[in-house]
Amino acid sequence: AEYMGEATYSKMKVVLHEPLLPPAENGDGKYALDPKRFYIIAVFSFISFLQSLQWLTFSSIPYKTNDYFPTTNLDTIFLLLNWGPIVFLPVVFFTSWLMTKPNGVRKCILLAAGLTVLGSTSRCIPCFLSEEFRATDSAVALLHLGQIFNAAAGPLVMAPPTQLSVTWFGEHERATATAVSTVCNSLGSAVGFFLGPLVVHSKDQVPNLLFLELGLATLAAIFIFFHFPNNPKVAPNAIALRREQPTDSNTNFLRSLWILSGDPSFVVLVTVGGLAAGVYNAWSGCLPTVLKPLGFSEDEAGWMAFGGTMAGILAALLVGHLSDRYFPRRYKKTLLTCFTVSFLVFCWLTLSLPEPFIDYNVFGYQLGSPSNVGMTIAVAGMFLGAANPVFFELAAELSYPIPEGTSAGALVFINNVGCLCFLFIVPQIPNQWLNVIIACNVLLCTLALTFVKESYKRAAVEQNLKGK
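Residue numbers (our numbering): 11 to 478.
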């Protein structure tokens, strides 16, 4: 692994804003941790949170949205949600390419902030106009335009976490930093589940939610445009110090994709990680619509989805910290444990609700009650969520010395393919099949994970550099 990293590194390099000072120039010969890294991760996490929050806006209040915009229906709500993965797919390649350019990460975040504000503004325009205008196709077109702008910001905040963490954080902070920056996007969806019903009690209050999200997006953009450097002045770790200016970023990016496509373990890893997270995110986003015919209210379904996502977020933060401190080279075992438990929990959930094969739940009313279903969703979300930062870090290890932004881009690309496929089939099949589908998806992902061969190339090279 060390030899492979050394041999290929000269051809695969990532761009930083300016050369990092070597550790010896920092005074004591050690790598320096810039206190500004906490500001960077906080601002980045905030804009990532808002992008996901806005993506889910109309799905959290589907029926009130239909009332406020009379020409919309549930198919419109699904399409507004679907713009996320539809637009994501072409933009993610642009994002991975942009991160190989000078000031790449900074440019991504600036662009994401601008698109988020534009999207929020477009969605608010009909609220300033007459009720007759809101009943026209033009009003709905503005909603779609806003969602498209928001969707374009998605890969710009979902691809940079691993590159951001290796650029700003120390060796034993990276998994935690990756966990924080990735879960905040999920946190946006989680908050969206209850923020919509909390703010909007009637159709006339729909503008309140849209104005609130516009204000938050504007606040985030102010912080980002005011100060968001691409990298610190002094290297925080050996890998960040090693990054150099490439001679041809375009060639590097294309070569990166070609090399990654020939690595079976990497391909299986990103396919599993992307499909598992994408299908689960889409399934969670559809819960208010999916569970309503089964007797659950919109608020109950929203709180269930919120509980599952929050459990996953807390678990991801915990696993990220433990991976940094106690088992930095046990990623595959961690993933297999999380997926095995998730599969068993989803089987339990499927049997607790009406199935496609029988029109009642196997265990009776008590285990199909809102409290028990909500608890089951929380446990399933906890273990799937815990796996997310591990996928990003292991993908970065397997793909080294290819830039982290490229491996993360591949992972989130598959994530959105899975999300889009699931959202496409939701209107086509009975609701009872959706829980069966997600259980089968987790099972297939668990089996596929067994074929991944662990290789910690980045860690091996870093250890070698530290020994010199």
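Beta carbons are placed, not taken as given, at the ideal position from N, Cα and C, and that holds for glycine.
From the options, residue whose alpha carbon lies closest to that of residue i
| i | options | result |
| --- | --- | --- |
| Q64 | N291, E223 and P165 | E223 |
| T8 | Y410, C194, I424 and L345 | Because the chain here runs from 11 to 478, residue 8 falls outside it and cannot be looked at. |
| L408 | V244, A163, A458 and G272 | G272 |
| A163 | I119, G225, K46 and F432 | I119 |
| P80 | S148, V115, P95 and P100 | S148 |
| V216 | S381, H237, L153 and V400 | L153 |
| C431 | Y49, S58 and F88 | F88 |
| V282 | L139, R47, I448 and A469 | I448 |
| P100 | C455, V436, G419 and R468 | G419 |
| C348 | N425, L433 and L459 | L459 |
| S417 | S379, G225, V244 and S275 | S275 |
| R339 | K46, A469, V167 and P45 | A469 |
| I249 | G391, E181 and L220 | E181 |
| K343 | A397, S140 and H331 | A397 |
| W107 | K467, E414 and Q438 | E414 |
| V201 | A145, A151, F238 and F59 | F59 |
Beta carbon of residue i nearer than 8 Å to that of residue j
| i | j | result |
| --- | --- | --- |
| F56 | F203 | no |
| V329 | V462 | no |
| N240 | Y41 | no |
| L346 | A189 | no |
| L91 | G295 | yes |
| P165 | V422 | yes |
| S69 | P207 | no |
| N487 | L267 | Outside the modelled stretch of the chain, which goes from 11 to 478, sits residue 487, for which no answer is possible. |
| W178 | P242 | yes |
| F353 | L444 | no |
| G124 | A231 | yes |
| L196 | S62 | Looking at the sequence itself, residue 196 is Ser, so the reference to Leu does not match. Contact: yes. |
| A185 | E403 | yes |
| G288 | G428 | yes |
| A169 | T126 | no |
| V53 | I234 | yes |
| I96 | A161 | yes |
| V479 | Y410 | Residue 479 lies beyond the range of the chain shown here (11 to 478); nothing can be said about it. |
| T456 | T386 | no |
| A292 | L66 | no |
| S132 | F159 | yes |
| V167 | A122 | yes |
| S333 | V280 | no |
| V383 | L359 | yes |
| A311 | L324 | no |
| V102 | M109 | no |
| V244 | D44 | yes |
| T172 | A406 | yes |
| L220 | C357 | no |
| V150 | T75 | no |
| G156 | S130 | yes |
| F98 | N474 | no |
Residue i, enclosing alpha helix (DSSP H) - first and last residue
| i | result |
| --- | --- |
| Q438 | Q438 -> no alpha helix (DSSP H), and no H or E assigned at all. |
| P380 | P380 to S409 |
| T350 | Y341 to S362 |
| G305 | Neither: G305 is in no alpha helix (DSSP H) and is coded neither H nor E. |
| M485 | This structure leaves residue 485 out entirely; the chain is present only between 11 and 478. |
| T131 | G114 to C134 |
| T110 | Note, T110: premise wrong, no alpha helix (DSSP H); not H, not E. |
| N456 | Per the sequence shown, residue 456 should be read as Thr rather than Asn. First-last of the alpha helix (DSSP H) with T456: Q442 to L459. |
| I51 | K46 to W65 |
| L174 | P171 to W178 |
| P72 | P72 to Y78 |
| E142 | E141 to R144 |
(message) Report the start-end ranges of each alpha helix (DSSP H) in the segment 196-281 that is 4 residues or longer and not cut off at the edges.
(response) 216-236, 248-252 and 259-271
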